[in-house]
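Enquirer:
Residue numbers (the numbering used here), protein chains in the order written: chain A, 9 to 239; chain B, 9 to 239.
1. Am I right that residue 41 of chain A and residue 53 of chain A are in contact with their C-beta atoms under 8 Å? What's the rounded C-beta distance?
2. Out of A/37, A/57, A/36 and A/105, which one is the CA nearest neighbour of residue 45 of chain A?
3. Which chain B residues are close to residue 158 of chain A, counting only those with a beta carbon under 8 Å from its beta carbon?
4. Less than 8 Å between the CB atoms is what I'm expecting for residue 169 of chain A and residue 201 of chain A, so what's the real figure, rounded?
5. Return no unless some Cβ of chain A is closer than 9 Å to the Cβ of residue 38 of chain B.
6. Can you list, in chain order, the stretches of the alpha helix (DSSP H) that have 4 or more residues and sit fully within the region 176-204 of chain B?
7. Counting only Cβ pairs nearer than 9 Å, list the residues of chain A close to residue 17 of chain B.
8. Considering only the beta carbon of each residue, do residue 22 of chain B and residue 134 of chain B sit closer than 9 Å?
9. Do residue 26 of chain B and residue 75 of chain B count as a contact pair if the criterion is CB distance below 9 Å?
10. Is any beta-carbon of chain B found at less than 9 Å from that of residue 88 of chain A?
11. DSSP on residue 51 of chain A, reduced to helix/strand/coil?
12. Mind checking if residue 152 of chain A is an interface residue toward chain B, Cβ cutoff 9 Å exclusive?
13. Can you look up residue 42 of chain A in the DSSP assignment and give me helix, strand or coil?
14. At a Cβ threshold of 9 Å, is residue 148 of chain B touching chain A?
15. Do the region 186-193 of chain B and the region 153-163 of chain B meet, that is, are 3 or more Cβ pairs less than 8 Å apart?
16. By the 9 Å beta-carbon criterion, what residues does the region 80-109 of chain A contribute toward chain B?
17. Please compile the residues from chain B whose C-beta is within a distance smaller than 8 Å of the C-beta of residue 226 of chain A.
18. How about residue 138 of chain B: is its C-beta nearer than 9 Å to some C-beta of chain A?
19. Are residue 61 of chain A and residue 97 of chain B closer than 9 Å when you measure CB to CB?
20. Rounded to a whole number of angstroms, what is the C-alpha to C-alpha distance between residue 87 of chain A and residue 197 of chain B?
21. Return helix, strand or coil for residue 86 of chain A, following the three-state DSSP convention.
22. Do you know whose CA, among B/140, B/82 and B/55, lies nearest residue 100 of chain B's CA?
23. Of all Cβ atoms in chain A, is any one closer than 9 Å to the Cβ of residue 14 of chain B?
24. Measure the C-alpha to C-alpha separation of residue 91 of chain B and residue 233 of chain A and round it to an integer number of angstroms.
25. Using a Cβ-Cβ cut-off of 9 Å, state whether residue 195 of chain A counts as contacting chain B.
26. Against chain B, does residue 53 of chain A count as a neighbour if the rule is that its beta carbon must be under 9 Å from one of theirs?
27. Is residue 187 of chain B close to chain A? Criterion is C-beta to C-beta, closer than 9 Å.
28. Residue 174 of chain A: buried (16+ other C-beta within 10 angstroms of its C-beta) or exposed?
29. Taking Cβ positions, are residue 235 of chain B and residue 236 of chain A nearer each other than 9 Å?
30. Taking C-beta pairs closer than 9 Å, name the residues in chain B that residue 183 of chain A reaches, listed in chain order.
31. Give the residues of chain B in contact with residue 64 of chain A, contact being defined as C-beta atoms less than 9 Å apart.
32. Identify whether residue 126 of chain B lies in helix, strand or coil by the three-state DSSP scheme.
33. Distance, Cα to Cα, residue 209 of chain B vs residue 64 of chain A?
34. Are the C-beta atoms of residue 22 of chain A and some chain B residue less than 9 Å apart?
35. Please check the pair residue 66 of chain B and residue 84 of chain B, which I expect to be a contact at CB under 8 Å, by giving their CB distance rounded to whole angstroms.
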């Protein structure tokens, strides 16, 4: 690419940051890394870093995510661009934030090639984050909370086969409030989104519950069309 | 602000672009400016420009909009950040796009202080735009089309008092398809969003229709809560 520097004045630096949500048996979690350089050395932060001048934004986000956490092949969606003038104490840095939903069991964060440590934190138990990352995390959680109202979620967060209890747990964690079991089941089953399997869970102490999976075609159609899920 | 340039490598330039939608009696329109410098000299484009290093993104969008079109005091919402590597033929430029809805009658675009000409174009009759602005415009229209499904719109686009025909026209233009009149009226009145006035339109050739206005409290509540408007 020809480089005629058309804008002659000082420029902001550009970064990407990733909010990766995962679900385990108990909690909705977020993936954080511990910074090993200033500023905010030792503090936890969202994975992310500088965008190279010849690199697409999404590619930068994916690269930083895999360098810092070992996670690859997730579907990142752009969240919002944060540009407060003083959000980085070093200089003006504008960051394009992305978010992703992953099945936590399927992703090994130990594979990170970078020296920084990466770990999953329950959403209601995150440490104070570096920069404006608390605000970015809140924006991502709000987006997810809004999304469940008009699009199906869970496909990326749950294992292939799951119980209704697991699905309700996901909705409760996203919405951050308890849901009535009967009402939830009636609504979710009424949408025709789930396929009941001829299988029950195994290796559980309690009575084994029925397993379900998403009807992929219906799921994709509802993702496009949208609906109104009042719970 | 202390400037320790932490990122030593070449940097993208950062711009903002604004998609301003307005409604007149016939059409949903978008505000464009004609470029008077290369690249794309003479082509129409979205209002926008470079972000200053000490300027908030929203402030830059508002400044460019008022410099180039004379429009002030609109509510801008962030749309999406476009970062394709070759979207600007001069060099790498990442742009944060904003969009706004305005009552076209209330905004005089003649007041622009900039030499470029600004004009409103019907959404279905825009010229080929500079850069990737066709894609940005399409993204904004898609956002608006999605928004009407789960939030009320019209408050910013219509005059204070309007007829049901005007409101239906707005929805038809946003959704880009004709709607059944009886069905539309039943649904929209059923939401309790409208206040029927003891007034009819004046200076019209046809039979004067009843005027309505939005119940502001209800409108704001539904904007927050969301709903499902299947039409």
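Glycine included, each C-beta is placed from N, C-alpha and C at the ideal position. Since we're looking at a predicted model, the values are computed, not measured.
Expert: Taking the geometry as given:
1. The beta-carbon separation of residue 41 of chain A and residue 53 of chain A, rounded to 6 Å, stays under the 8 Å limit for a contact.
2. Across the set A/37, A/57, A/36 and A/105, the C-alpha of A/57 shows the shortest separation from the C-alpha of residue 45 of chain A.
3. Within chain B, 157, 158, 234 and 236 have C-beta atoms less than 8 Å from the C-beta of residue 158 of chain A, given in sequence order.
4. Not a contact, Cβ separation roughly 15 Å.
5. Under the 9 Å criterion on CB atoms, residue 38 of chain B is classed as non-interfacial with respect to chain A.
6. Runs found: 189-198.
7. Within chain A, the residues near residue 17 of chain B are 58, 60 and 61.
8. Contact: no.
9. Note that the C-beta distance between residue 75 of chain B and residue 26 of chain B is not below 9 Å.
10. At a cut-off of 9 Å, the C-beta of residue 88 of chain A has a neighbouring C-beta in chain B.
11. In the structure shown, residue 51 of chain A sits in coil (DSSP, three-state: anything other than H, G, I, E or B).
12. For residue 152 of chain A, the answer is no, since every Cβ of chain B falls outside 9 Å of its Cβ.
13. Under the three-state reduction of DSSP output, residue 42 of chain A falls in the strand class.
14. No, residue 148 of chain B lies away from the interface with chain A (no Cβ there is under 9 Å from its Cβ).
15. Contact between the region 186-193 of chain B and the region 153-163 of chain B is not established, with fewer than three Cβ pairs separated by less than 8 Å.
16. Residues of the region 80-109 of chain A that bring their beta carbon within less than 9 Å of a beta carbon in chain B comprise 86, 88, 89, 90, 91, 92, 93, 94, 96, 97, 98, 99, 100, 101, 102 and 104, in sequence order.
17. Those do not exist, as residue 226 of chain A stays about 17 Å from chain B at its closest Cβ, beyond 8 Å.
18. No, residue 138 of chain B lies away from the interface with chain A (no Cβ there is under 9 Å from its Cβ).
19. Taking 9 Å as the Cβ cut-off, residue 61 of chain A and residue 97 of chain B do not qualify as a contacting pair.
20. The alpha-carbon atoms of residue 87 of chain A and residue 197 of chain B are separated by roughly 34 Å.
21. Residue 86 of chain A falls in the strand class under three-state DSSP.
22. Cα-wise, what sits closest to residue 100 of chain B is B/140.
23. Yes - at least one Cβ of chain A is within 9 Å of the one on residue 14 of chain B.
24. Computed Cα separation, rounded: 27 Å.
25. Chain B, which has no Cβ nearer than 9 Å to the Cβ of residue 195 of chain A, makes this no.
26. At least 9 Å separates the CB of residue 53 of chain A from every CB of chain B.
27. It does not; no Cβ of chain A falls within 9 Å.
28. Residue 174 of chain A comes out buried.
29. It is a contact, given that the beta carbons lie within the stated cut-off.
30. Proximity of chain B to residue 183 of chain A at the Cβ level (cut-off 9 Å) is not reached, the minimal Cβ distance being about 13 Å.
31. Against chain B, the beta carbon of residue 64 of chain A has neighbours under 9 Å at 91, 92 and 93, listed in chain order.
32. Strand at residue 126 of chain B.
33. Going by the C-alpha atoms only, they are around 52 Å apart.
34. For residue 22 of chain A, the answer is yes, since a Cβ of chain B falls inside 9 Å of its Cβ.
35. Sure, about 6 Å apart at Cβ, within 8 Å.
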